[in-house]
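*Asks:*
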Amino acid sequence: MNRTARFMVVSLLTAAALAAMACGGGGKGDESRTGAEAPQVAKPAEPANKAELAQLRGDIVADGSSTVYPVTQAAAEEFRRYAPNVRISVGISGTGGGFKKFCNGETDISDASRPISPSEREACAAKGIEYIELPVAYDGLAVVVNPRNTWATCLTKAELKKIWEPEAQGKVTNWKQVRDSFPDKPLKLYGAGTDSGTFDYFTEAIVGKEKASRGDYQASEDDNVLVQGVASDEAALGYFGYAYVVENPGKLKVVAVDNKGDGTCVAPSFETVRNGTYQPLSRPIFIYVKKTSASRPEVKAFVNFYLSKSFTPLIQSREVGYIALPDEVYQAVAQRFNAGITGTLFPNGAEVGATLDRYLK
Numbered sequence: 511m512n513r514t515a516r517f518m519v520v521s522l523l524t525a526a527a528l529a530a531m532a533c534g535g536g537g538k539g540d541e542s543r544t545g546a547e548a549p550q551v552a553k554p555a556e557p558a559n560k561a562e563l564a565q566l567r568g569d570i571v572a573d574g575s576s577t578v579y580p581v582t583q584a585a586a587e588e589f590r591r592y593a594p595n596v597r598i599s600v601g602i603s604g605t606g607g608g609f610k611k612f613c614n615g616e617t618d619i620s621d622a623s624r625p626i627s628p629s630e631r632e633a634c635a636a637k638g639i640e641y642i643e644l645p646v647a648y649d650g651l652a653v654v655v656n657p658r659n660t661w662a663t664c665l666t667k668a669e670l671k672k673i674w675e676p677e678a679q680g681k682v683t684n685w686k687q688v689r690d691s692f693p694d695k696p697l698k699l700y701g702a703g704t705d706s707g708t709f710d711y712f713t714e715a716i717v718g719k720e721k722a723s724r725g726d727y728q729a730s731e732d733d734n735v736l737v738q739g740v741a742s743d744e745a746a747l748g749y750f751g752y753a754y755v756v757e758n759p760g761k762l763k764v765v766a767v768d769n770k771g772d773g774t775c776v777a778p779s780f781e782t783v784r785n786g787t788y789q790p791l792s793r794p795i796f797i798y799v800k801k802t803s804a805s806r807p808e809v810k811a812f813v814n815f816y817l818s819k820s821f822t823p824l825i826q827s828r829e830v831g832y833i834a835l836p837d838e839v840y841q842a843v844a845q846r847f848n849a850g851i852t853g854t855l856f857p858n859g860a861e862v863g864a865t866l867d868r869y870l871k
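Take any residue in the sequence shown, count from 1 to its spot, add 510: that is its number in my numbering.
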């Protein structure tokens, strides 16, 4: 059963509890932290405008981040329960690839796992594309290995940099080079493609410069490809959105991250991403709505549904696997959308450790 089909089952059984999202900590100190139990899925509210939704017709085109895809696809599936005559296409071309289409006027909504960059803003401006920026959830980037890997339970930020920095290309190719106590085994890497917002954020957070990365690894904008690669390769290490770990229980082993090098290892979980202790790999994710598209009834209704309690409780279902924003942020973001406020609140693009307080001001 694919992700969409499974989501529909959960949508009909929203009272089902989530299993615990415990992730291995371990590492070089005794203060390691592991994942916390995920919250239960609350039942979404019935839309107050059901009759209006049933009358809507039209087509909506969304594209972009593979990380945000599960959220937008799930919102589309739920929305179509109430608006069956609205066709919503959700594609995957990576955050950067999605913005290229969006700024060329090809899509209504661009899924993005990072804020729009200055160069992308210029591209949109050159084509007269105005956009409304809307955060929709929190995500954690998970560092993962194969379940048969018994040695890598925690890596420091410095060790991750040593693995992924451009200078490592063709040189850091063995686990023992990462840490002397690790076995003499080949190191095979899997990670986001260069059109991915995940790639941009990971390189900024770990290497210290956006897009600075070695190139000799298996790259893909499709996180499912990376999941299968790590799951089938004992020597593998990879990174991608935590939601794909949630969706693939037993196939992957999460590696905790020691951000400060002090022996405190924190694994990604619903709780550690929400409370900000999983650093530096926690981040908000976004959709960008073309302003001219937002005036169309079907697009306006879909985006308001996406940000409402008719959908947001399902963001934390196993089938979606993300962390919902606080209610007050969704309310502020919905007000921003309905007021047609364009532009970004992230003038420099991706920010490590970014918070969403700016939307409440």
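Note that CB positions come from ideal geometry on N, CA and C, so glycine has one too.
Got a sec? Which residues, its chain only, sit under 6 angstroms from T666 by beta carbon, not counting five neighbours each side?
*Replies:* Result list for T666: D768 and G771, in chain order.
*Asks:* Going by CA-CA distance only, name the one from V646, E714 and L697 that's closest to K681.
*Replies:* Ranking V646, E714 and L697 by Cα distance to K681 puts L697 first.
*Asks:* If you follow the alpha helix (DSSP H) that T605 is in, where does it begin and where does it stop?
*Replies:* Residues G604 to C613.
*Asks:* Kindly give me the distance between the Cβ atoms of A593 and L566, rounded to whole angstroms, as I take these residues to be in contact under 8 angstroms.
*Replies:* With 8 angstroms as the limit, A593 and L566 qualify as a contact, their Cβ atoms being about 5 angstroms apart.
*Asks:* Between V756, T663 and G859, which has its C-alpha nearest D649's C-alpha?
*Replies:* It is V756.
*Asks:* Roughly how many angstroms lie between the CA atoms of G701 and Q738, to the nearest whole one?
*Replies:* Straight-line Cα distance between these residues: approximately 12 angstroms.
*Asks:* For T582, tell me which candidate among A860, L824 and E720 has the shortest Cα-Cα distance.
*Replies:* Comparing Cα positions, the closest option is L824.
*Asks:* So does the region 702 to 714 actually touch the region 855 to 862, counting three or more Cβ pairs closer than 8 angstroms?
*Replies:* Yes, the region 702 to 714 is in contact with the region 855 to 862.
*Asks:* So I673 is in the alpha helix (DSSP H); what residue range does that whole segment cover?
*Replies:* Taken as a continuous stretch (DSSP letters only), the alpha helix (DSSP H) holding I673 covers K667 to W674.
*Asks:* So, with DSSP's three-state summary, where would you put D710?
*Replies:* Of the three classes helix, strand and coil, the one that applies to D710 here is helix, per DSSP.
*Asks:* For a quick check, are the C-beta atoms of V655 and A647 less than 7 angstroms apart?
*Replies:* No; because the gap between Cβ atoms is not below 7 angstroms, this pair is not in contact.
*Asks:* For E556, which option in F815, L835, P836 and V843 has the closest C-alpha, if you only look at C-alpha atoms?
*Replies:* Answer by Cα proximity: F815.
*Asks:* Going by the DSSP bridge assignment, what does N684 pair with across the sheet?
*Replies:* P696, per the DSSP bridge assignment.
*Asks:* Under the three-state reduction of DSSP, which class applies to Q826: helix, strand or coil?
*Replies:* DSSP places Q826 in helix when its eight states are reduced to three.
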